[in-house]
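K.L.:
The following block contains the structure, expressed as C-alpha coordinates.
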Amino acid sequence: MFHTTVILLLSLANLAMSIGRTQSTAVEGILMCGEEQARGVLVKLYEHDTLTPDELMDSAETDSHGKFKLSGSADEIGTIEPKVNIYHDCDDGIKPCQRMLTVFIPSDYISATKQPTKTFNLGILQLAGNSKEKPETVYMPK
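Residues -18 to -1, 1 to 124, numbered by mature numbering (1 follows the signal peptide of the UniProt record, and there is no 0), are exactly what the sequence shown covers, in order.
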(Lines of atoms letter the chains of each structure in order from A and count residues from 1; the text may use other names and numbers.)
(Lines give C-alpha, C1' and ligand atoms only; values in the text may rest on other atoms or scores of the structure.)
Protein backbone atom coordinates (compact mmCIF):
# COMPACT_ATOMS: atom_id res chain seq x y z
CA MET A 1 0.00 0.00 0.00
CA PHE A 2 2.80 2.40 0.92
CA HIS A 3 4.58 1.83 -2.41
CA THR A 4 1.36 2.42 -4.33
CA THR A 5 0.81 5.71 -2.50
CA VAL A 6 4.38 6.86 -3.21
CA ILE A 7 4.07 5.98 -6.90
CA LEU A 8 0.74 7.79 -7.10
CA LEU A 9 2.17 10.93 -5.46
CA LEU A 10 5.20 10.94 -7.76
CA SER A 11 2.97 10.45 -10.81
CA LEU A 12 0.77 13.35 -9.73
CA ALA A 13 3.84 15.54 -9.20
CA ASN A 14 5.12 14.72 -12.71
CA LEU A 15 1.69 15.42 -14.17
CA ALA A 16 1.51 18.74 -12.35
CA MET A 17 4.90 19.76 -13.72
CA SER A 18 3.95 18.82 -17.27
CA ILE A 19 0.70 20.80 -17.26
CA GLY A 20 1.91 23.67 -15.06
CA ARG A 21 2.63 27.15 -16.28
CA THR A 22 6.14 28.56 -16.57
CA GLN A 23 7.06 31.13 -13.94
CA SER A 24 10.36 32.80 -13.15
CA THR A 25 12.16 34.98 -10.63
CA ALA A 26 15.49 36.71 -10.11
CA VAL A 27 17.36 37.78 -7.00
CA GLU A 28 20.53 39.73 -6.30
CA GLY A 29 22.34 40.96 -3.25
CA ILE A 30 25.58 41.52 -1.40
CA LEU A 31 26.68 39.22 1.42
CA MET A 32 28.83 40.45 4.28
CA CYS A 33 30.65 38.62 7.07
CA GLY A 34 31.23 41.28 9.68
CA GLU A 35 33.15 44.11 7.99
CA GLU A 36 34.34 41.91 5.10
CA GLN A 37 32.63 41.01 1.84
CA ALA A 38 31.62 37.34 1.91
CA ARG A 39 33.62 36.01 -1.05
CA GLY A 40 33.06 32.56 -2.54
CA VAL A 41 29.81 31.87 -0.68
CA LEU A 42 27.54 29.33 -2.39
CA VAL A 43 24.07 30.70 -3.13
CA LYS A 44 21.30 28.54 -4.64
CA LEU A 45 17.89 29.56 -5.99
CA TYR A 46 15.20 26.92 -5.46
CA GLU A 47 11.51 26.50 -6.17
CA HIS A 48 10.23 25.26 -2.80
CA ASP A 49 7.98 22.19 -2.94
CA THR A 50 6.12 20.55 -0.07
CA LEU A 51 5.55 17.01 -1.36
CA THR A 52 8.49 16.65 -3.74
CA PRO A 53 12.16 17.69 -3.53
CA ASP A 54 12.85 21.38 -4.09
CA GLU A 55 13.75 22.22 -7.69
CA LEU A 56 17.13 23.90 -8.24
CA MET A 57 16.66 26.89 -10.55
CA ASP A 58 20.17 28.44 -10.43
CA SER A 59 23.31 28.57 -8.32
CA ALA A 60 26.52 30.59 -8.10
CA GLU A 61 29.22 31.72 -5.72
CA THR A 62 29.53 35.33 -4.61
CA ASP A 63 32.22 37.35 -6.36
CA SER A 64 35.18 39.13 -4.72
CA HIS A 65 32.80 41.88 -3.54
CA GLY A 66 30.26 39.47 -2.01
CA LYS A 67 27.78 40.09 -4.86
CA PHE A 68 25.54 37.51 -6.47
CA LYS A 69 22.72 37.44 -9.03
CA LEU A 70 20.57 34.40 -9.76
CA SER A 71 17.56 33.77 -11.97
CA GLY A 72 15.54 30.78 -13.05
CA SER A 73 12.18 29.38 -14.02
CA ALA A 74 9.96 26.45 -13.08
CA ASP A 75 6.66 24.95 -14.21
CA GLU A 76 3.95 24.76 -11.55
CA ILE A 77 0.15 24.56 -11.52
CA GLY A 78 -0.01 27.05 -8.66
CA THR A 79 2.32 29.93 -7.91
CA ILE A 80 5.97 29.03 -7.45
CA GLU A 81 7.49 29.62 -4.02
CA PRO A 82 11.08 30.70 -4.72
CA LYS A 83 13.73 30.73 -2.04
CA VAL A 84 17.45 31.38 -1.80
CA ASN A 85 19.68 29.11 0.28
CA ILE A 86 22.98 30.66 1.38
CA TYR A 87 25.65 28.20 2.56
CA HIS A 88 28.35 29.91 4.63
CA ASP A 89 31.01 29.57 7.34
CA CYS A 90 30.76 33.15 8.55
CA ASP A 91 31.25 33.60 12.29
CA ASP A 92 30.81 29.90 13.08
CA GLY A 93 34.16 29.24 14.73
CA ILE A 94 35.63 25.81 14.09
CA LYS A 95 32.39 24.04 13.23
CA PRO A 96 33.03 21.59 10.37
CA CYS A 97 29.68 22.12 8.65
CA GLN A 98 28.37 25.18 6.88
CA ARG A 99 25.41 27.13 8.17
CA MET A 100 22.47 27.59 5.81
CA LEU A 101 20.35 30.72 5.70
CA THR A 102 17.11 30.52 3.71
CA VAL A 103 15.39 33.62 2.35
CA PHE A 104 11.96 33.32 0.72
CA ILE A 105 11.37 35.71 -2.19
CA PRO A 106 8.13 37.75 -2.13
CA SER A 107 5.47 36.75 -4.66
CA ASP A 108 5.59 40.25 -6.21
CA TYR A 109 8.87 39.19 -7.85
CA ILE A 110 7.44 36.18 -9.70
CA SER A 111 6.96 36.62 -13.45
CA ALA A 112 4.57 34.59 -15.61
CA THR A 113 7.29 34.21 -18.25
CA LYS A 114 10.41 32.08 -18.84
CA GLN A 115 12.64 35.11 -18.23
CA PRO A 116 11.99 37.21 -15.09
CA THR A 117 10.81 40.77 -15.61
CA LYS A 118 11.74 41.96 -12.09
CA THR A 119 14.69 41.28 -9.80
CA PHE A 120 14.35 41.09 -6.04
CA ASN A 121 17.19 43.01 -4.39
CA LEU A 122 18.12 41.58 -0.99
CA GLY A 123 20.37 44.55 -0.41
CA ILE A 124 23.31 43.98 1.93
CA LEU A 125 22.78 40.87 4.04
CA GLN A 126 24.92 40.37 7.15
CA LEU A 127 25.80 36.71 7.74
CA ALA A 128 27.73 37.26 10.99
CA GLY A 129 26.02 36.62 14.28
CA ASN A 130 25.15 33.75 16.55
CA SER A 131 22.51 31.50 14.98
CA LYS A 132 20.59 31.60 18.28
CA GLU A 133 20.22 35.36 17.83
CA LYS A 134 19.48 35.20 14.12
CA PRO A 135 16.79 33.13 12.40
CA GLU A 136 17.97 30.69 9.76
CA THR A 137 14.84 31.20 7.65
CA VAL A 138 13.75 34.68 6.59
CA TYR A 139 10.44 35.55 4.95
CA MET A 140 10.87 38.86 3.13
CA PRO A 141 7.99 41.35 3.26
CA LYS A 142 6.39 42.50 0.02
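The beta carbon of each residue, even a glycine, is placed where N, CA and C say it ideally should be. Computed from a predicted model, the values in this text were never measured in an experiment.
1. How far does the beta strand (DSSP E) with A94 in it reach, from first residue to last?
2. For A20, collect the residues of the same chain with a Cβ closer than 7 Å to its Cβ; drop the 5 residues on either side in sequence, then sort them by chain order.
3. Beta-carbon separation of S6 and G60 under 8 Å?
4. In whole angstroms, what separates the C-alpha of R81 from that of E58?
5. Per DSSP, what are the beta-bridge partners of Q5 in this structure?
6. What's the gap between the Cα of P35 and the Cα of T84?
7. Find out if the Cβ-Cβ distance for the pair A42, V25 is shorter than 8 Å.
8. For the beta strand (DSSP E) containing K26, list its first residue and its last residue.
9. Quick one, are the C-beta atoms of V23 and I68 less than 8 Å apart?
10. Using the three-state DSSP reduction, which class does I12 fall into: helix, strand or coil?
11. Classify A56: buried if its beta carbon has 16 or more other beta carbons within 10 angstroms, exposed otherwise.
12. Along the beta strand (DSSP E) that carries G105, what are the first and last residues, could you check?
13. Out of P98, A94, P88, Q97, point me to the one whose CA is closest to L104's CA.
14. Among the residues of its own chain, which have a CB less than 6 Å from the CB of H30, if the five just before and after it don't count?
P.N.:
The structure says:
1. In the sequence shown, residue 94 corresponds to position 112, counting from 1. Where A94 is concerned, there is no enclosing beta strand (DSSP E), given that its DSSP letter is neither H nor E.
2. Sequence index remark: in the sequence shown, residue 20 carries index 38 (1-based). Cβ neighbours of A20 beyond the five flanking positions: L13, M14, T44, G48, H70, C72, L109.
3. Locating residue 6 in the sequence shown gives position 24, where the first residue counts as 1. Locating residue 60 in the sequence shown gives position 78, where the first residue counts as 1. Taking C-beta atoms as the reference points, S6 and G60 fail to come closer than 8 Å.
4. The residue given as residue 81 occupies position 99 in the sequence shown. The residue given as residue 58 occupies position 76 in the sequence shown. Straight across, the Cα-Cα distance linking R81 with E58 is about 29 Å.
5. In the sequence shown, residue 5 corresponds to position 23, counting from 1. Paired residue(s): A56.
6. Looking up residue 35 in the sequence shown gives position 53. Looking up residue 84 in the sequence shown gives position 102. Computed Cα separation, rounded: 16 Å.
7. Taking the first residue of the sequence shown as 1, we reach residue 42 at position 60. Taking the first residue of the sequence shown as 1, we reach residue 25 at position 43. Yes, the Cβ-Cβ distance between A42 and V25 is below 8 Å.
8. In the sequence shown, the residue the question calls residue 26 occupies position 44. From DSSP, the beta strand (DSSP E) with K26 extends over 24 to 29.
9. Along the sequence shown, one-based indexing puts residue 23 at 41. Along the sequence shown, one-based indexing puts residue 68 at 86. Cβ atoms of V23 and I68: closer than 8 Å.
10. Residue mapping note: residue 12 aligns to position 30 of the sequence shown, counting from 1. Strand at I12.
11. The residue given as residue 56 occupies position 74 in the sequence shown. With 16 or more Cβ atoms within 10 Å of its Cβ, A56 is classed as buried.
12. In the sequence shown, residue 105 corresponds to position 123, counting from 1. It spans 102 to 108 - the beta strand (DSSP E) in which G105 sits, taken as one unbroken run.
13. On the sequence shown, residue 104 is found 122 positions in, with the first residue counted as 1. That would be P88, whose Cα lies nearest to the Cα of L104.
14. On the sequence shown, position 48 is the one that residue 30 refers to. Closer than 6 Å at Cβ, skipping near neighbours: D36, E63, K65.
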